[in-house]
Each structure stands twice: as structure tokens, then as C-alpha cells.
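Student: When we follow the numbering used here, the leftmost residue of the sequence shown carries the number 3, and every step to the right adds one.
Backbone N, C-alpha and C fix where the C-beta goes; we use that ideal spot for every residue, glycine too.
First the structure, which I've put down as C-alpha cells, then a few questions once you've had a look.
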Amino acid sequence: MNTMSGIALSAGTAASEREISPQAVQKSLAETGLLAVAHGEIEQAQIIFNYLLNVRPGAFITDLGFALIALANRQYATATTLLQRHSQSEQDKDLAHAFLALVCYLNNEMAQGLVYSRQAQAGNSPEAAQLARELAAEIKSSGENQHGY
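Written out as C-alpha cells, the structure reads:
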């Protein structure tokens with residue numbers, strides 16, 4: 003590498019490091035926390051979401067992280083409480099309903115899971131609607147297998 007390209011690279015790196023906003027850092031942390039839960043790294047996820055709780059108390063992503071940790075520990079009531087906080091929020095209610103459907107499904111509350119799934123599908127979030135459709139299909143399939151309907 004010549005001197006000019008080395009200077010350009012180091013200047014570009016320094017400039018890009020200064021441009022990282024607190025919101026971008028929080029988003030990256032939240033994504034890392036969700037990945038930690040998915041990989042069973044519950045202690046690491048708790049550390050991340052505790053930090054986010056301090057910088058963004060009451061944020062949906064923080065409560066979602068703690069709800070997923072609760073699900074990993076089979077604490078369905080805790081997960082439900084965390085998600086219900088957001089079920090009336092215009093911004094977060096569709097995803098909250100989709101994840102509430104998941105909690106109900108995992109807790110074998112199929113009828114209530116379908117109610118939440120329908121609420122998410124009727125909302126304005128395409129991501130929540132897709133998740134809810136997939137959960138509804140799974141709930142119906144499980145219901146047919148377990149209950150004969």
C-alpha cells in the first residue's frame with residue numbers, strides 16, 4: 003500500500019467512525035441481543051438488553067428482547083406482560099400482536115394465539131402480517147394434530 007492510499011483509508015475510517023449515531027449503535031446492540039437469544043446465549047442477551055433498558059426504557063425492542071429471554075426460560079406470563087405493554091401502541095401493536103401469538107402458541111393457548119394472529123394480520127405492518135400468517139398456519143396445524151379440529 004502506498005502512502006496516499008494509507009492516508010485515504012485511515013481518513014475514511016476515522017470519518018465513518020464519527021458518523022455512527024447513538025440510534026445506529028442501539029439498533030446494532032438490539033440485533034446482537036436478538037441473535038444471542040436465538041443462539042441460546044441468554045446471559046449475554048440479558049446484559050445487552052439491560053444496557054438498552056437504561057438508554058431506551060420502555061422501547062418495544064427492549065421489551066421484545068426481554069420477552070424472548072422469558073420465552074427461552076418458559077416464563078410465558080412474563081413474556082405476555084412485556085408484549086402487552088405495546089399491544090395498544092399505534093407504532094408497535096402489530097408486531098406485539100404477532101409475538102403475543104407466538105407466546106400463546108408456545109404456551110398451548112391456541113385460541114388466543116389465533117386472536118392475536120388475526121389482529122396482527124389486520125394491521126399495517128407487512129412484516130407483522132407475514133409473521134402472523136405463518137404462526138396462524140402453525141397454530142391451526144398444531145390444533146388439528148392435538149385437538150382434532
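Report yes or no: do the segment 85–105 and the segment 113–129 share at least 3 C-beta pairs separated by less than 8 Å?
Tutor: Taking 8 Å as the limit for Cβ pairs, the verdict is that the segment 113–129 does touch the segment 85–105.
Student: Give a yes or no on contact between the segment 45–57 and the segment 79–96, applying the rule of three or more CB pairs nearer than 8 Å.
Tutor: Because the criterion of three Cβ pairs below 8 Å is not met, the segment 45–57 and the segment 79–96 do not touch.
Student: Considering only residues of the same chain and omitting the five flanking positions on each side of I44, which have a CB-CB separation below 8 Å?
Tutor: Here the question's residue 44 lines up with position 42 in the sequence shown. Hits under 8 Å: A38, I71, A74, N75.
Student: Can you name, in chain order, every residue of its own chain whose Cβ lies under 6 Å from the Cβ of G115, other than the five neighbours on each side?
Tutor: Position 113 of the sequence shown, counted from the first residue, corresponds to residue 115. The answer, listed in chain order, is A103, C106, Y107, I141.
Student: Could you compute how far the alpha carbon of L66 sits from the alpha carbon of S23?
Tutor: Sequence index remark: in the sequence shown, residue 66 carries index 64 (1-based). Sequence index remark: in the sequence shown, residue 23 carries index 21 (1-based). Whole-angstrom Cα-Cα distance: 22 Å.
Student: Does DSSP put Q121 in a helix, a strand or coil?
Tutor: On the sequence shown, residue 121 is found 119 positions in, with the first residue counted as 1. The answer is helix: DSSP assigns Q121 an H, G or I state.
Student: Put H41 into one of helix, strand or coil per three-state DSSP.
Tutor: Residue numbering aside, residue 41 sits at position 39 when the sequence shown is read from its first letter. H41: coil per DSSP, three-state reduction.
Student: Flag this pair as yes or no: are the beta carbons of H41 and F62 separated by less than 9 Å?
Tutor: Position 39 of the sequence shown, counted from the first residue, corresponds to residue 41. Position 60 of the sequence shown, counted from the first residue, corresponds to residue 62. No. Outside cutoff.
Student: Where does G60 land, buried or exposed, given buried means 16+ other C-beta within 10 angstroms?
Tutor: Against the sequence shown, residue 60 aligns to sequence position 58. Answer is exposed; the Cβ neighbour count stays below 16.
Student: Helix, strand or coil: how does DSSP classify I49 here?
Tutor: Residue numbering aside, residue 49 sits at position 47 when the sequence shown is read from its first letter. If DSSP states are grouped into helix, strand and coil, I49 belongs with the helices.
Student: So for A138, helix, strand or coil by DSSP?
Tutor: The residue you call residue 138 lines up with position 136 of the sequence shown. Reduced to three states, the DSSP call for A138 is helix.
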